[in-house]
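Colleague: For the sequence shown, the numbering used here gives the first residue as 61, with consecutive numbering after it.
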Amino acid sequence: MELVFRPRRLRRHATLRKMVRETVLRREDFIYPMFVAPGQGVRQPVDAMPGVCRLSVDQLLKEAREIRDLGLSAVLLFGLPLTKDDTGSEAASPKGTVQRAVRRLKKEVPELLVITDVCLCAYTSHGHCGLIHQGEVDNDASLEALAQVALSHAEAGADMVAPSDMMDGRVGAIRETLDERGFEMVPIMSYAVKYASSFYGPFREAAESAPAFGDRRAYQMDPANAREALREAALDVEEGADILMVKPAMPYLDIITQLAGEFDLPLAAYQVSGEYSMIKAAAQLGWLDETAVMLESLTAIKRAGADLILTYFAKQAAALLK
Ligand code: PBG
Numbered sequence: 061m062e063l064v065f066r067p068r069r070l071r072r073h074a075t076l077r078k079m080v081r082e083t084v085l086r087r088e089d090f091i092y093p094m095f096v097a098p099g100q101g102v103r104q105p106v107d108a109m110p111g112v113c114r115l116s117v118d119q120l121l122k123e124a125r126e127i128r129d130l131g132l133s134a135v136l137l138f139g140l141p142l143t144k145d146d147t148g149s150e151a152a153s154p155k156g157t158v159q160r161a162v163r164r165l166k167k168e169v170p171e172l173l174v175i176t177d178v179c180l181c182a183y184t185s186h187g188h189c190g191l192i193h194q195g196e197v198d199n200d201a202s203l204e205a206l207a208q209v210a211l212s213h214a215e216a217g218a219d220m221v222a223p224s225d226m227m228d229g230r231v232g233a234i235r236e237t238l239d240e241r242g243f244e245m246v247p248i249m250s251y252a253v254k255y256a257s258s259f260y261g262p263f264r265e266a267a268e269s270a271p272a273f274g275d276r277r278a279y280q281m282d283p284a285n286a287r288e289a290l291r292e293a294a295l296d297v298e299e300g301a302d303i304l305m306v307k308p309a310m311p312y313l314d315i316i317t318q319l320a321g322e323f324d325l326p327l328a329a330y331q332v333s334g335e336y337s338m339i340k341a342a343a344q345l346g347w348l349d350e351t352a353v354m355l356e357s358l359t360a361i362k363r364a365g366a367d368l369i370l371t372y373f374a375k376q377a378a379a380l381l382k
């Protein structure tokens, strides 16, 4: 038998495999999501997400230094309010947990890029991502509220804002408000393609943000749709998004690849809470090799076309890539 081409020739030596490797993870690829809680000395583990805690600002600062020392570039902050109300008013308060965290972080760990999640779901008593009017999420009424949240983050010193609410027109509304108030240089990372996914379950425990009635299918995307993802992304580009995001990541690798081929903006993908929890749980049962599966999943997400990966594994992965 005469084989002209033998793919195995390039697989025989570890060094050679490394030389021809197409996708390489870097610590700079990762963004680490964190949950900021009110209070002092709070370090509250999230049951379904081993290794993840809700942290008060003082604890967050400690961890931020550790994160910087691991060589990570950026964190994404989610806030928990002291009190929830109908309109999620604490979300835009200059004294809110996120706003306080941002001010301290930018003062004490300035090298770390601070991105803030812009949404209302953790702040509203009904748990929806926008304002409710006659039993429904009112799109246009929510835009002004969301823009005020983004503005309060920028005023606190956020390096970037990331709207995750999925209201139509929110990127444009936020861009306009930021520009009017002198924050034209603060970029927007848009959760452009965010599916109504069941993989967000553990996050909702962490952020106490489960909807009190109904679900999010009237604003987040139908998991069955791919072409619609391109339209969603195109709208956000027109409205001024600087970075696009696909979320979740691994169940939607096809979408990541399509967006990477279609748009020239940097592309992020969010390996969400459920993706993390599945790997952690299987590893705890001894059913999977946690480190190997973690690196394989992150490599797959990058290979699919993501430039940046939001992941709860960021610290673990960075420690290995050091
Ligand atoms: C809030 C928001 C959610 C996530 C990020 N921002 C939850 C949701 O939409 O219900 C999920 C992140 C994760 O699961 O890790 N809108």
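Cβ atoms here follow ideal geometry from the backbone N, Cα and C, with glycine treated the same way. The model shown is predicted, which means the values in this text are computed figures rather than measured ones.
#1: Alpha carbon to alpha carbon, how far is Asp118 from Val158?
#2: Have a look at Ala161 and Asn285 and give me their C-alpha separation to the nearest angstrom.
#3: One question on the structure: do Met227 and Gly190 come within less than 7 Å of each other, judged by their Cβ atoms?
#4: Can you tell me which of the three DSSP states Ser185 falls into?
#5: Return the chain-ordered list of same chain residues with a C-beta closer than 7 Å to the C-beta of Ala364, the five sequence neighbours on each side being excluded.
#6: What residue range does the beta strand (DSSP E) around Asp198 cover?
#7: If you draw a straight line from the C-alpha of Leu325 to the C-alpha of Tyr251, how long is it?
#8: Under DSSP, the alpha helix (DSSP H) around Ser333 begins and ends at which residues?
#9: Give me whichever residues DSSP pairs with Lys307 in a beta bridge.
#10: Taking Pro105 as the reference, give the member of Ile91, Ile127, Leu63 and Phe263 with the closest Cα.
#11: With DSSP collapsed to three states, give me the class of Arg69.
#12: So does Tyr255 have its beta carbon nearer than 6 Å to some heavy atom of the ligand PBG?
#13: What did DSSP end up calling Leu115 once you bin it into helix, strand or coil?
#14: Just the Cα atoms here: how many angstroms apart are Ile361 and Leu211?
#15: In angstroms, rounded to a whole number, what distance separates the CA positions of Lys166 and Lys340?
#16: Hey, would you say Ala256 sits closer than 7 Å to Arg277, going by beta carbons?
#17: What residue does the beta strand (DSSP E) around Asp296 start on, and which one ends it?
#18: Starting from Leu368 and walking both ways along the beta strand (DSSP E), at which residues does that stretch end?
#19: Hey, out of Leu136, Leu345 and Gly274, whose CA is closest to Leu172's CA?
#20: Under the rule that 16 or more other beta-carbon atoms within 10 Å means buried, what is Asp138, buried or exposed?
#21: Can you determine whether any heavy atom of the ligand PBG sits closer than 6 Å to the C-beta of Ser224, and answer yes or no?
#22: Going by C-alpha to C-alpha distance, which of Pro154, Ala294 and Met338 sits closest to Glu215?
#23: State the CB to CB distance for the pair Leu180 and Ala218, rounded to an integer number of angstroms; the pair is presumed to be in contact (CB under 8 Å).
#24: Please confirm if the stretch 290 to 308 is in contact with the stretch 232 to 248, defined as three or more CB-CB distances below 8 Å between the two stretches.
#25: Alpha carbons only, please: which of Ala289, Met61 and Pro141 is nearest the one belonging to Gly187?
#26: Looking at Leu295: is its Cβ nearer than 7 Å to the Cβ of Glu322?
#27: Rounded to the nearest angstrom, what separates Met220 and Phe65 at their Cα positions?
#28: Less than 6 Å between the CB of Tyr260 and some heavy atom of the ligand NAD, yes or no?
#29: Looking at Met310: is its Cβ nearer than 7 Å to the Cβ of Glu292?
#30: Taking the alpha-carbon positions, what's the Ser185 to Gln100 distance?
#31: Taking the alpha-carbon positions, what's the Ala207 to Thr237 distance?
#32: Report the residue from Pro308, Arg164, Ala267 and Ala222 whose alpha carbon sits nearest the alpha carbon of Lys254.
#33: Apart from the five residues on each side of it in sequence, which residues of its chain come closer than 8 Å, Cβ to Cβ, to Cys113?
#34: Any chance the CB of Val169 is under 6 Å from a heavy atom of the ligand PBG?
#35: Tell me which residues share the same chain as Pro359 and place their Cβ nearer than 7 Å to its Cβ, disregarding the 5 neighbours each side in the sequence.
Modeller: Taking the definition as stated:
#1: Position 58 of the sequence shown, counted from the start, is the residue given in the question as residue 118. Position 98 of the sequence shown, counted from the start, is the residue given in the question as residue 158. So the alpha carbons of these two residues sit roughly 12 Å apart.
#2: As a first step, residue 161 is located in the sequence shown; it is residue number 101 there, counting from the start. As a first step, residue 285 is located in the sequence shown; it is residue number 225 there, counting from the start. About 37 Å.
#3: Within the sequence shown, numbered from 1, the residue matching residue 227 stands at position 167. Within the sequence shown, numbered from 1, the residue matching residue 190 stands at position 130. Yes, the pair counts as a contact, with Cβ atoms nearer than the cut-off.
#4: The count along the sequence shown starts at 1 and reaches residue 185 at position 125. It is coil, neither helix nor strand.
#5: The sequence position of residue 364 within the sequence shown is 304, counting from 1. Apart from sequence neighbours up to five positions away, the residues of its chain that approach Ala364 with a beta-carbon distance below 7 Å are Leu313, Ile316 and Thr317, ordered along the chain.
#6: Taking the first residue of the sequence shown as 1, we reach residue 198 at position 138. Residues Glu196 to Asp198.
#7: As a position in the sequence shown, residue 325 is number 265, starting the count at 1. As a position in the sequence shown, residue 251 is number 191, starting the count at 1. In a straight line, the C-alpha of Leu325 is about 13 Å away from that of Tyr251.
#8: Looking up residue 333 in the sequence shown gives position 273. Per DSSP, Ser333 belongs to the alpha helix (DSSP H) from Ser333 to Gln344.
#9: Residue numbering aside, residue 307 sits at position 247 when the sequence shown is read from its first letter. Looking at the DSSP assignment, Lys307 forms a beta bridge with Lys254.
#10: If you number the sequence shown from 1, residue 105 lands on position 45. Selected option, being the one with the closest Cα: Phe263.
#11: As a first step, residue 69 must be located in the sequence shown, where it is residue number 9. Reduced to three states, the DSSP call for Arg69 is helix.
#12: Taking the sequence shown and counting its residues from 1, the one referred to as residue 255 is at position 195. Not so, every heavy atom of the ligand PBG lies at least 6 Å from the Cβ.
#13: Taking the sequence shown and counting its residues from 1, the one referred to as residue 115 is at position 55. The DSSP-derived three-state label of Leu115 is strand.
#14: For this step, residue 361 is matched to residue 301 along the sequence shown. For this step, residue 211 is matched to residue 151 along the sequence shown. Cα-Cα distance, rounded: 31 Å.
#15: In the sequence shown, counting from the first residue as 1, residue 166 sits at position 106. In the sequence shown, counting from the first residue as 1, residue 340 sits at position 280. Cα to Cα, Lys166 sits roughly 32 Å from Lys340.
#16: Your numbering for residue 256 matches position 196 in the sequence shown. Your numbering for residue 277 matches position 217 in the sequence shown. Yes, these two residues count as a Cβ contact at 7 Å.
#17: Residue mapping note: residue 296 aligns to position 236 of the sequence shown, counting from 1. Looking at the DSSP string, Asp296 is not in any beta strand (DSSP E); the run it does join, the alpha helix (DSSP H), is Arg287 to Glu299.
#18: Numbered from 1 along the sequence shown, position 308 holds the residue referred to as residue 368. Element bounds for Leu368: Leu368 to Thr371.
#19: Start at 1 with the first residue of the sequence shown, and residue 172 comes out as number 112. Of the listed residues, the one whose Cα sits closest to Leu172 is Leu136.
#20: On the sequence shown, residue 138 is found 78 positions in, with the first residue counted as 1. Reading off the sequence shown, one finds Phe at residue 138, where the question assumed Asp. Phe138 is buried by the Cβ-count criterion.
#21: For this step, residue 224 is matched to residue 164 along the sequence shown. Flag set: Cβ of Ser224 near the ligand PBG.
#22: The residue labelled residue 215 in the question sits at position 155 within the sequence shown. Ranking the options by Cα distance to Glu215, first place goes to Pro154.
#23: Translated into positions along the sequence shown, residue 180 becomes position 120. Translated into positions along the sequence shown, residue 218 becomes position 158. Between Ala218 and Leu180 the Cβ distance is about 17 Å, and since that is not below 8 Å, they are no contact.
#24: Contact holds: three or more Cβ-Cβ distances are below 8 Å.
#25: One-based indexing of the sequence shown puts residue 187 at position 127. Nearest C-alpha to Gly187: Pro141.
#26: The residue you call residue 295 lines up with position 235 of the sequence shown. The residue you call residue 322 lines up with position 262 of the sequence shown. No, they are not a contact pair.
#27: Mapped onto the sequence shown, residue 220 falls at position 160. Mapped onto the sequence shown, residue 65 falls at position 5. When rounded, the distance between both Cα atoms is 49 Å.
#28: Of the ligands one can find in the structure shown, namely the ligand PBG, none is the ligand NAD.
#29: By 1-based counting over the sequence shown, the position of residue 310 is 250. By 1-based counting over the sequence shown, the position of residue 292 is 232. No; because the gap between Cβ atoms is not below 7 Å, this pair is not in contact.
#30: Taking the sequence shown and counting its residues from 1, the one referred to as residue 185 is at position 125. Taking the sequence shown and counting its residues from 1, the one referred to as residue 100 is at position 40. Approximately 24 Å between the Cα atoms of the pair.
#31: In the sequence shown, counting from the first residue as 1, residue 207 sits at position 147. In the sequence shown, counting from the first residue as 1, residue 237 sits at position 177. Cα-Cα distance, rounded: 6 Å.
#32: Counted from its first residue, the sequence shown places residue 254 at position 194. The residue with the shortest Cα to Cα distance from Lys254 is Pro308.
#33: Here residue 113 refers to the residue found at position 53 when the sequence shown is read from its first residue. Here the set comprises Phe95, Arg103, Gln104, Pro105, Val106 and Gln119.
#34: In the sequence shown, counting from the first residue as 1, residue 169 sits at position 109. Val169: no, Cβ never under 6 Å from the ligand PBG.
#35: Position 299 of the sequence shown, counted from the first residue, corresponds to residue 359. For clarity, residue 359 is Thr in the given sequence; the question names Pro instead. The residues are Thr83 and Leu85.
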